[in-house]
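Below is one structure, written out as structure tokens; the observations come after it.
2 protein chains.
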Amino acid sequence: MPRIAKYDREKALDDAVRLFWERGYGGASMKQIEQALDMRPGSLYATFGSKDGLFREALAVYAGRMSHSMAEALEASPTIMAGIFAYLRSLTEQITAPDSPARACLVVKTLLEVTADQPELRTLVNQRLQDVEDHLAELFEQARVQGELKPGVDSHRFARLVQAQIMGLRSLAQRDIDTDSIKNLTEDIITALGAFTQHPTTH
Amino acid sequence: MPRIAKYDREKALDDAVRLFWERGYGGASMKQIEQALDMRPGSLYATFGSKDGLFREALAVYAGRMSHSMAEALEASPTIMAGIFAYLRSLTEQITAPDSPARACLVVKTLLEVTADQPELRTLVNQRLQDVEDHLAELFEQARVQGELKPGVDSHRFARLVQAQIMGLRSLAQRDIDTDSIKNLTEDIITALGAFTQHPTTH
DNA sequence: GCTGTATTTGATCGATCATTCAAGTTATAA
DNA sequence: TTATAACTTGAATGATCGATCAAATACAGC
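So the protein lines, in turn, are chains F and Y. Just so you know, we're using this note's numbering here: the first sequence kicks off at 8 and counts up by one. Just so you know, we're using this note's numbering here: the second sequence kicks off at 8 and counts up by one.
Take a look at the structure:
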């Protein structure tokens, strides 16, 4: 059994995430992928099957990191809503970092890029976003029971509102805009969401 | 002086808006443009110069319609904030219409699609979004003076919040999601923005 | 109807797209 | 050391990209 894989799969996927995040699925050519991953076509196709296959794996890595980042913020916070707000602030730090490939979310970029003739990719992206909604909804259901949310707040509906806030924050941050404005926006979003929270426990 | 222009420029641009809105700039090939506009390459290039030129004109038409739609809502409303909320509801109706090419905003789709090697397009899109921010900021400055906004609200900062809300609403609406959820989201966004408004005058 | 010119057509351009694969290289097992 | 299998290389594939242009077409003025 000879020849160990020269290229580190994790390293390659990390480079792929960076490239796809920066340029989008259609905007990243195989030639650019070859350069970014320092792999030749044969190795790429042997390892990932296709550009589509590579993108799927890169998207999974990206989504895993995002959800890990949210989990961290939640663990470090006393309440769920405090954790959500901490996550928004941490996310703002991440995307305003000078080496961030983009500020907008890769999943949302793909959602807005994908067309009807890529049904599998479309389904995949929708599933990722549904998963996030479901995860948020579970959290908010707990928060509701614990009295962190105003009476009558629907957890799934609130989850979609929060998801829309994140999409809006990160899309607006994709504009040529200064960091302070983005941080102010994050604070304003937290304030706006305050319309749905019970106040003693949050902020 | 023979030969009158066979193809109606407005009709052609309308078709171009539909196609670009649905498929994005990179996702629309010249072949598809030829089909959608029922024009052959020579005519297309004689009329619009390039794919880029056609897109710029289509984007201007699109942006003009959006700003017209907002102006309509404002005219029909007693206060500025009521007009903004009416616009959000009208926008929701528009994008959930069965024949809408997409729910997400063409300008935002382009913002998330465009890369560093398209600096003119990037600048163009950023300028459009800055124009919207400036227009909203003027409106909110009026609203502030008229007591529609809570004391201390910064008009430009609030304008960016509202722009982010629209981006978030329309991006989330791009998911495979039912119309009722989108309408609920719109109402929740209006509720959330209530954190910045003086209440007797709005809703 | 004829002439002249603006417009349209459609073949064609070189470049780039994602992908394939035969040949070469390298490391392990015997 | 040799054999073998896994991996890498890079040229080549056909398709499609945006764009060009000579030839055909259609309309206004006479």
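All C-beta atoms in this analysis are idealised placements derived from N, C-alpha and C, irrespective of residue type, glycine included. Just so it is clear, the structure is predicted and the values come from calculations on it, not from any experiment.
Please report the straight-line C-alpha distance between residue i and residue j, rounded to a whole angstrom.
i	j	result
F/A150	F/P108	33 Å
F/R182	F/V152	38 Å
Y/T122	F/Q205	42 Å
F/S36	F/V132	20 Å
Y/R129	Y/R72	21 Å
Y/Q170	F/L179	8 Å
F/T86	Y/I184	30 Å
F/I189	Y/Y32	27 Å
F/D138	F/Y94	17 Å
Y/G168	Y/Y52	According to the sequence displayed, residue 168 of chain Y carries Leu and not Gly. The alpha-carbon atoms of Y/L168 and Y/Y52 are separated by roughly 40 Å.
F/A80	F/H142	14 Å
Y/S84	F/E194	29 Å
Y/L192	F/E41	42 Å
Y/P48	Y/E29	21 Å
Y/S57	Y/Q39	14 Å
Y/T198	F/A199	8 Å
Y/F92	F/K18	47 Å
F/D124	Y/D124	26 Å
F/M88	Y/D106	38 Å
Y/E127	F/P126	32 Å
Y/E140	Y/E100	22 Å
Is the beta carbon of residue i within less than 7 Å of some heavy atom of the ligand MN?
i	result
Y/T130	Ligands in the displayed structure: none, and consequently the ligand MN is not present.
Please work out which residues of its chain come closer than 7 Å, Cβ to Cβ, to residue i, disregarding the five sequence neighbours upstream and downstream, and give them in chain order.
i	result
Y/F27	A35, F62, A65, L113
F/Q120	It should be pointed out that residue 120 of chain F corresponds to Glu in this sequence rather than to Gln. Excluding positions up to five away in sequence, the list reads G31, Y32, G33.
What residues from chain Y crowd round residue i, counting only those whose CB sits closer than 9 Å?
i	result
F/R164	S188, N191, L192, D195
In chain order, what residues of the same chain have a beta carbon less than 8 Å from the beta carbon of residue i, not counting five sequence neighbours either side?
i	result
Y/Y14	Since pLDDT at Y/Y14 reaches only 44, below the 50 mark, its modelled position is unreliable, and no value is offered.
Y/R177	L98, I102, R110, A111, C112, V115
F/R25	A43, P108
F/V160	F147, R151, F203
Y/E82	G90
Using only CA atoms, which one of the options lies nearest to residue i?
i	options	result
F/D187	F/A104, F/Q170, F/G201, F/P85	F/A104
F/P158	F/F203, F/K18, F/I102	F/F203
F/S97	F/L168, F/V115, F/G201, F/H75	F/H75
Y/L20	Y/A89, Y/G60, Y/G33	Y/G60
Y/Q134	Y/L118, Y/G154, Y/G56	Y/L118
Y/L146	Y/A23, Y/P48, Y/M77, Y/I196	Y/M77
F/M174	F/V160, F/I196, F/N191, F/L156	F/I196
F/V68	F/D106, F/S84, F/R30, F/R16	F/R16
Y/L136	Y/G56, Y/K18, Y/A70	Y/A70
Residue i touches chain F at which residues, Cβ-Cβ below 7 Å?
i	result
Y/Q170	L179
Y/D183	N133
Y/R151	Those within 7 Å of Y/R151 in chain F number zero; the least Cβ separation is about 15 Å.
Y/R167	L179, S188, L192
Y/L136	R182
Y/A111	L119
From the DSSP output, read off the bridge partner residues of residue i.
i	result
F/L156	F/T204
Leaving aside the five residues before and after residue i along the sequence, list all residues of the same chain whose C-beta is less than 6 Å from its C-beta, in chain order.
i	result
Y/A144	S162, H163, A166
F/T208	For F/T208, the predicted model reports a pLDDT of 42, less than 50, meaning its position is unreliable; a value from the coordinates is still stated below. Counting only Cβ-Cβ distances below 6 Å, and skipping sequence neighbours, we find T86, E155.
Y/D22	A43, L44
F/G201	none
Y/Q172	I196
Taking C-beta pairs closer than 8 Å, name the residues in chain F that residue i reaches, listed in chain order.
i	result
Y/D59	Residues of chain F passing the Cβ test: none, with the nearest at roughly 15 Å.
Y/L156	Going along chain F, no residue has its Cβ under 8 Å from Y/L156, so there is no contact; the nearest lies around 12 Å.
Y/R30	T122
Y/V115	L119, S178
Anything in chain Y within Cβ reach of residue i, meaning under 8 Å, just list it in chain order.
i	result
F/M174	M174, G175, S178, L179
F/G34	G33, E120, T122
Along chain F, which residues have their Cβ under 9 Å away from the Cβ of residue i?
i	result
Y/L98	Neighbours of Y/L98 on chain F: none; closest Cβ ~13 Å, over 9 Å.
Please list the partners that residue i has in chain Y, where partner means a Cβ-to-Cβ separation under 7 Å.
i	result
F/T198	A202
F/G159	Neighbours of F/G159 on chain Y: none; closest Cβ ~11 Å, over 7 Å.
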